[in-house]
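Q:
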Amino acid sequence: MADTQQVDARAERKVSRLAHQISAFAKAHGGAEGQVAHIGERGARIVLVGEDGGWGDLVAPSTEIAEKAVEKSGITVHESFDGEFAAKVKTGPYEWKRMAGIQIGG
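The opening position of the sequence shown corresponds to residue -19 in this note's numbering, with each subsequent residue numbered one higher.
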């Protein structure tokens, strides 16, 4: 039973750390919305898009932890990264250069 309590406490600390990072991102970008996506054995990816178009992501060890973290942070969560949500992302010269480099082998 002690092992279960230790795992639960560790998971709760991870949820709190992720929620803090999400809240800090939202504060820095005038608010934020997110989407949680399962990425296999690695866990889940939390994609964040700020009101100013800035974006970032975090990786959680499980989908359950990711979902608890976004809930605790209080941001709006989308079911998918659809066109309307994706259109809020503002990309700059760095991203366009990287995307072009990938296409031409760079």
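Glycine residues also receive a C-beta, built at the ideal position from the N, C-alpha and C atoms.
1. Is it buried or exposed, Ser60, if we count other Cβ atoms within 10 angstroms and call 16 or more buried?
2. Are the C-beta atoms of Pro73 and some chain D residue less than 8 Å apart?
3. Starting from Ala12, trace the beta strand (DSSP E) both ways and give me its first and last residue.
4. Check whether the segment -12 to -4 and the segment 22 to 33 touch, using three or more Cβ-Cβ pairs below 8 Å as the test.
5. If I follow the unbroken beta strand (DSSP E) through Ile45, where does it start and stop?
A: This is what the structure holds:
1. Taking the sequence shown and counting its residues from 1, one reaches residue 60 at position 80. Ser60 sits exposed, since fewer than 16 C-beta atoms from the chains shown fall within 10 Å of its C-beta.
2. Protein chains in the displayed structure number just one, and chain D is not present.
3. Position 32 of the sequence shown, counting from 1, holds the residue named residue 12. Ala12 -> beta strand (DSSP E) spans 12 to 18.
4. no
5. Looking up residue 45 in the sequence shown gives position 65. Per DSSP, Ile45 belongs to no beta strand (DSSP E); it is in the alpha helix (DSSP H), 43 to 53.
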